[in-house]
Amino acid sequence: MDSIQEFMESCNSENLTNSSTITNSTSLVGSSSPSGSTTTSSRYENQKRRDWNTFGQYLKNHRPPLSLSRCSGAHVLEFLRYLDQFGKTKVHTPICPFYGHPNPPAPCPCPLRQAWGSLDALIGRLRAAFEENGGKPETNPFGARAVRLYLREKNQQKVEDLI
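Each residue of the sequence shown is one higher than the last, beginning at 6 in this note's numbering.
In structure tokens form, the structure reads like this:
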């Protein structure tokens, strides 16, 4: 992948509608389970490879550049927050006039964010790719406590938005 934007556009989409605060969600992930023949890579394996390459590119473009061995949970969080800007899930804030409307009648300035499920699946694939590429489970930055807490917080926000 040449850019994060291409990475985002290459991913499959799924539309989710929430009757409270989330509208028009597009997932950043492909299939979460392997499917396909044994002679070709599955969609899951292909997506995992693209995600791994994208994260590698992110580390390379990081200032200062980072090696994978120096990558921590904090860097993974930085990557997730960076990806958030490319999300397609409109998250209406409580002060938005369209808060609670699944299909707003007009545009609003509320931010677009990555859906929790997309980030969770992405971390799962990157966690697996890290270990497949020689990383030790105990040093896996994608399994860091801070990353787990971030995902839990994102999920809690999603749940609260559904109420």
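Heads up, the beta-carbon is just placed ideally off N, CA and C, and yes, glycines get one too.
- Straight-line spacing of the CA atoms in PRO110 and ARG118 works out to 20 Å.
- With fewer than 16 other Cβ atoms from the protein chains shown falling within 10 Å of its own Cβ, ARG150 counts as exposed.
- Per the DSSP secondary-structure output, ARG118 pairs in a beta bridge with THR94.
- In the assembly as shown, LEU154 is an exposed residue. Its beta-carbon has fewer than 16 other beta-carbons within 10 Å.
- Less than 8 Å divides the Cβ of ILE128 from the Cβ of VAL152.
- When rounded, the separation of the alpha-carbon atoms in ALA134 and PHE147 is 10 Å.
- The three-state secondary structure of ALA133, taken from DSSP, is helix.
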